[in-house]
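Asker: FYI, in the numbering used here the residues of the sequence shown are 11 to 569. Even for Gly, the Cβ is constructed at its ideal location relative to N, Cα and C. Remember, predicted model here, so these are calculated numbers, not experimental data. My questions will all concern the structure given below.
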Amino acid sequence: MTDAVLAAGVPVLGSDDAAWWRQAVVYQVYPRSFADSNGDGLGDIRGVTDKADYLAGLGVDAVWLSPFYPSALADGGYDVDDYRNVDPRLGTLDDFDDMVAALHERGIKVIVDIVPNHSSDRHEMFRAALAAGKGSPERDRYIFRDGLGENGELPPADWASIFGGPAWEPVGDGQWYFHHFATEQPDFNWDNPDVHAEFLHTLRFWSDRGVDGFRIDVAHGLSKDLPAVLPSQAELDAMDTTDGRHPLWDRDAVHEIYREWRRVFDEYDPPRIAVAEAWVATPERRAKYATPDGLGQAFNFDLLEADFDAAQFRHIVTDNLAQSAATGSSSTWVLSNHDVVRHATRYGLPPRRGSLAKQGSAWILAGAPADQIDLARGSRQALAASLFLLGLPGSAYLYQGEELGLHEVGDIKAEDRQDPAFFRGADPERDGLGRDGCRVPLPWTGTGSSFGFGAAGAHIPQPDWFAGYAVDVEDADPASSLNTYRRALALRHELQTGESLEWMETGRDDVLRFVRPNGWQVVTNFGAEPFALAEGEAPVLGELVDGAVPAETTVWLRG
Ligand code: NOJ
């Protein structure tokens, strides 16, 4: 039996078309760990410019840069001091303009990260709020409350921050401020018009500099409705997160903000695009962020949260294609990013302990010592899953280093770690390794200082085994993960003709096969037994063994 999954029949779009984002391959750069041009151990903007040819050669349509703004790095740059500048350690606005020009010359779009739920505690608006005192208009831009107890010495509520520890911080005058994340990340009050103005200014600032789009951090958190008497954490936890009325998360009111932003995006030609990072309860709730009068597209983390399992993958794809068609958006697909254990390693975790424990937005390796991780299996399954994903209709978001098949670094010493999730909530004796393991600077060369990352060391130490995953090493091997990604991305331009697929019967529960409108087919064998193709069927991507798709392998067939 086959079931057709919508047939919007959207034609393939050139990169200058206003709808370039619908089926784009977007490559996430984590700037501090990508390439270090000046040998200070920290990746920088010029480092991205220097690698523009690498990105073009890989075949990506767009680059999304995680925050590069001035920051104390209390949360890897997601604590922003100034939304309209470049961290001096990473370069200057001129360097940024040069990078945009270099990428645009190569047909690569640029997406920057907007962090509107919170600023850093060093942002001038927060400093002004502290200085101006209780009841001032400046304090109203953030979420301040009087403490409980005689002199306000107790927090206004027992809420826990997502990174662990308390979510309310005293400021010494009987008031406390709210922070969903680290203490250094005070949440904005989005009921205040100055906050709206600050972000409209920021969106125009980067759009005017030629940025093509925005990734919106914690898009589901901006709107809040906090009553005079705050509920307890237990009461918050018991509240429904699907009706749009939770005090903190995924409130229907948040979409008013994005309608305002859309009007700014549409001031530009082509309109600027946006993608929501919204960890919400259901695909239906996610779709609300992806409307044409809102952000337009939303990350779909379902594949990232799934096992390497045919039934789960099929269900997720069918469901999400239907959801995105309903809002006129296109699906997004993600397997790795800077917040989760790299998928090559996730898939190699031991089966019985292989489930990933989720701690707020941070994924941790669930107690799997390095010698219990089957790296080879993880690598095989990761490539198979990536090639499956790249054959799907919609946008594919890739995380730097996944094209190399890079693994998570599990054994970073506590003193070398940077992630607040590690320091605030995690117990190193147990599982909480935080997110530094996927943020280790990339290996560009198999030898030399910091494996070609830069002329000095790397800001998070790289393990010796990174040498085997270096770009120049993989470059020289036609069968490497890097060269396979390059072939896939080149072929993808032919494969992406319409935003639909049809599942084909395979006779096996552990094999998925789908066909795109132009006849291109993707076959993924999730199982352990080879899957025989019909006589004469010869893949253009992926190798058969004795006429069959080997275990844990994806192949593409030309239409
Ligand atoms: C989501 C980002 O992806 C993550 O890295 C960050 O810690 C939180 N938002 C807070 O900004």
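Throw me the rounded Cβ distance for the Val96 and Ile121 pair, which I believe falls under 8 angstroms.
Answerer: Looking up residue 96 in the sequence shown gives position 86. Looking up residue 121 in the sequence shown gives position 111. At roughly 16 angstroms, the Cβ-Cβ gap does not stay under 8 angstroms, so Val96 and Ile121 are not in contact.
Asker: Looking at C-beta atoms only, is the number of pairs between the stretch 387–404 and the stretch 468–487 that lie closer than 8 angstroms three or more?
Answerer: Because the criterion of three Cβ pairs below 8 angstroms is not met, the stretch 387–404 and the stretch 468–487 do not touch.
Asker: Where in the stretch 223–297 do unbroken runs of the beta strand (DSSP E), each at least 3 residues long, occur, reported from the N-terminal end onward?
Answerer: Within the stretch 223–297, the complete beta strand (DSSP E) runs of at least 3 residues are 223–226 and 283–286.
Asker: Can you tell me which of the three DSSP states Leu213 falls into?
Answerer: By 1-based counting over the sequence shown, the position of residue 213 is 203. Leu213 falls in the helix class under three-state DSSP.
Asker: Going by the C-beta, is Asp227 closer than 7 angstroms to any heavy atom of ligand 1?
Answerer: For the purposes of this step, residue 227 is taken as residue 217 along the sequence shown, with counting starting at 1. Yes; taking the cut-off as 7 angstroms, the Cβ of Asp227 has a heavy atom of ligand 1 nearer than that.
Asker: Assuming Phe188 and Trp178 are in contact, meaning their beta carbons sit under 8 angstroms apart, how far apart are those beta carbons, in whole angstroms?
Answerer: Your numbering for residue 188 matches position 178 in the sequence shown. Your numbering for residue 178 matches position 168 in the sequence shown. Correct: roughly 6 angstroms between the Cβ atoms.
Asker: Tell me whether Glu287, by its Cβ, gets closer than 7 angstroms to a heavy atom of ligand 1.
Answerer: Here residue 287 refers to the residue found at position 277 of the sequence shown. Yes, the beta carbon of Glu287 sits closer than 7 angstroms to at least one heavy atom of ligand 1.
Asker: Cβ atoms of Ala561 and Pro527: under 8 angstroms apart, would you say?
Answerer: Looking up residue 527 in the sequence shown gives position 517. Looking up residue 561 in the sequence shown gives position 551. No.
Asker: Quick one: what's Ile121 bridged to in DSSP?
Answerer: Numbered from 1 along the sequence shown, position 111 holds the residue referred to as residue 121. Paired residues: Trp74 and Gly223.
Asker: What is the rounded straight-line gap between the Cα of Pro280 and the Cα of Gln33?
Answerer: To locate residue 280, count along the sequence shown from 1; it is residue 270. To locate residue 33, count along the sequence shown from 1; it is residue 23. If I take the Cα positions, the gap works out to 16 angstroms.
Asker: Report all residues from its chain with a CB closer than 6 angstroms to the CB of Phe106; omit the five preceding and five following residues, and keep chain order.
Answerer: Counting from one through the sequence shown, the residue named residue 106 turns up at place 96. Cβ within range, chain order: Ile55 and Val96.
Asker: How is Asp556 classed by DSSP in three states: helix, strand or coil?
Answerer: Here residue 556 corresponds to residue number 546 of the sequence shown, with the count starting at 1. Coil.
Asker: Closer than 7 angstroms: is that where the CB of Tyr88 sits relative to any heavy atom of ligand 1?
Answerer: Start at 1 with the first residue of the sequence shown, and residue 88 comes out as number 78. True, at least one ligand heavy atom lies under 7 angstroms from that Cβ.
Asker: Check the DSSP bridge columns for His128 and list the partner residues they point to.
Answerer: Within the sequence shown, numbered from 1, the residue matching residue 128 stands at position 118. Note: His128 sits in a beta bridge opposite Asp197.
Asker: Between Gly569 and the rest of its own chain, which residues show a CB-CB distance below 6 angstroms, the 5 nearest in sequence each way excluded?
Answerer: Indexing the sequence shown from 1 puts residue 569 at position 559. So the list reads Asn528, Gly529 and Trp530, once near-sequence residues are dropped.
Asker: From Leu232 to Gly223, what distance separates their C-alpha atoms?
Answerer: Indexing the sequence shown from 1 puts residue 232 at position 222. Indexing the sequence shown from 1 puts residue 223 at position 213. Their Cα atoms are separated by approximately 19 angstroms.
Asker: For Tyr79, which beta-bridge partners are listed by DSSP?
Answerer: By 1-based counting over the sequence shown, the position of residue 79 is 69. Per DSSP, none; premise fails for Tyr79.
Asker: Can Val125 be considered in contact with ligand 1, in the sense that its beta carbon sits closer than 7 angstroms to one or more heavy atoms?
Answerer: Residue numbering aside, residue 125 sits at position 115 when the sequence shown is read from its first letter. Checking the Cβ of Val125 against ligand 1 gives yes.
Asker: Mind pulling the alpha helix (DSSP H) runs of 4 or more residues that sit fully within the stretch 378–438?
Answerer: Fully enclosed alpha helix (DSSP H) runs of 4 or longer: 385–400 and 430–434.
Asker: Closest by CA to Phe78, which one among Gly86, Pro165 and Val521?
Answerer: For the purposes of this step, residue 78 is taken as the residue at position 68 of the sequence shown. Nearest C-alpha to Phe78: Gly86.
Asker: What are the residues that DSSP puts in a beta bridge with Val521?
Answerer: Translated into the one-based positions of the sequence shown, residue 521 becomes position 511. Bridge partners of Val521: Asn535.
Asker: So, for Ser371: in the same chain, excluding its five sequence neighbours on each side, which residues have a beta-carbon less than 7 angstroms away from its beta-carbon?
Answerer: On the sequence shown, residue 371 is found 361 positions in, with the first residue counted as 1. Bear in mind that the predicted position of Ser371 carries a pLDDT of just 30, short of 50, making it unreliable; the figure below should be weighed with that in mind. Result list for Ser371: Ile172, Trp289 and Asp349, in chain order.
Asker: Pick helix, strand or coil for Arg115, following the three-state DSSP scheme.
Answerer: Within the sequence shown, the letter at position 105 stands for residue 115. Rather than Arg, the amino acid found at residue 115 in this sequence is Glu. Correct three-state label for Glu115: helix.
Asker: In the structure shown, what three-state DSSP assignment does Glu512 receive?
Answerer: In the sequence shown, the residue the question calls residue 512 occupies position 502. Strand, per DSSP.
Asker: Could you pull the DSSP bridge partners for Trp186 from this structure?
Answerer: By one-based count along the sequence shown, residue 186 stands at place 176. The partner list for Trp186 (beta bridge, DSSP) reads Arg155 and Pro180.
Asker: Go ahead and pull the three-state DSSP assignment for Tyr299.
Answerer: Reading the sequence shown from its first residue, position 289 is the one you call residue 299. Three-state result, Tyr299: helix.
Asker: For the beta strand (DSSP E) containing Tyr479, name the first residue and the last one.
Answerer: Within the sequence shown, residue 479 is the residue found at index 469, counting from 1. Where Tyr479 is concerned, there is no enclosing beta strand (DSSP E), given that its DSSP letter is neither H nor E.
Asker: In this structure, does DSSP put Trp654 in helix, strand or coil?
Answerer: Here the chain comprises residues numbered 11 to 569, so residue 654 is not present and cannot be evaluated.
Asker: Between the C-alpha atoms of Asn575 and Ala248, what's the straight-line distance to the nearest angstrom?
Answerer: Residue 575 lies beyond the range of the chain shown here (11 to 569); nothing can be said about it.
Asker: Please state whether DSSP places Val205 in a helix, a strand or coil.
Answerer: Within the sequence shown, residue 205 is the residue found at index 195, counting from 1. In this structure, Val205 counts as helix in the three-state DSSP scheme.
Asker: In terms of residues, what are the limits of the alpha helix (DSSP H) holding Tyr64?
Answerer: Locating residue 64 in the sequence shown gives position 54, counting from the first residue. Counting along the chain, the alpha helix (DSSP H) containing Tyr64 begins and ends at Ala62 to Leu68.
Asker: Would the C-beta of His348 count as close to ligand 1, meaning under 7 angstroms from any of its heavy atoms?
Answerer: In the sequence shown, counting from the first residue as 1, residue 348 sits at position 338. Flag set: Cβ of His348 near ligand 1.
Asker: Using DSSP with H/G/I as helix, E/B as strand and the rest coil, what is Thr328?
Answerer: Position 318 of the sequence shown, counted from the start, is the residue given in the question as residue 328. Looking at Thr328 - three-state DSSP - the assignment turns out to be helix.
Asker: Evaluate the contact criterion for the stretch 57–75 versus the stretch 109–123: three or more CB pairs, one atom per stretch, below 8 angstroms.
Answerer: Yes, the stretch 57–75 is in contact with the stretch 109–123.
Asker: Please indicate yes or no: does the CB of Phe191 lie closer than 7 angstroms to some heavy atom of ligand 1?
Answerer: Sequence index remark: in the sequence shown, residue 191 carries index 181 (1-based). Yes, the beta carbon of Phe191 sits closer than 7 angstroms to at least one heavy atom of ligand 1.
Asker: For the beta strand (DSSP E) that Tyr37 lies in, which residues bound it at each end?
Answerer: In the sequence shown, residue 37 corresponds to position 27, counting from 1. Here the beta strand (DSSP E) through Tyr37 covers Val35 to Val39.
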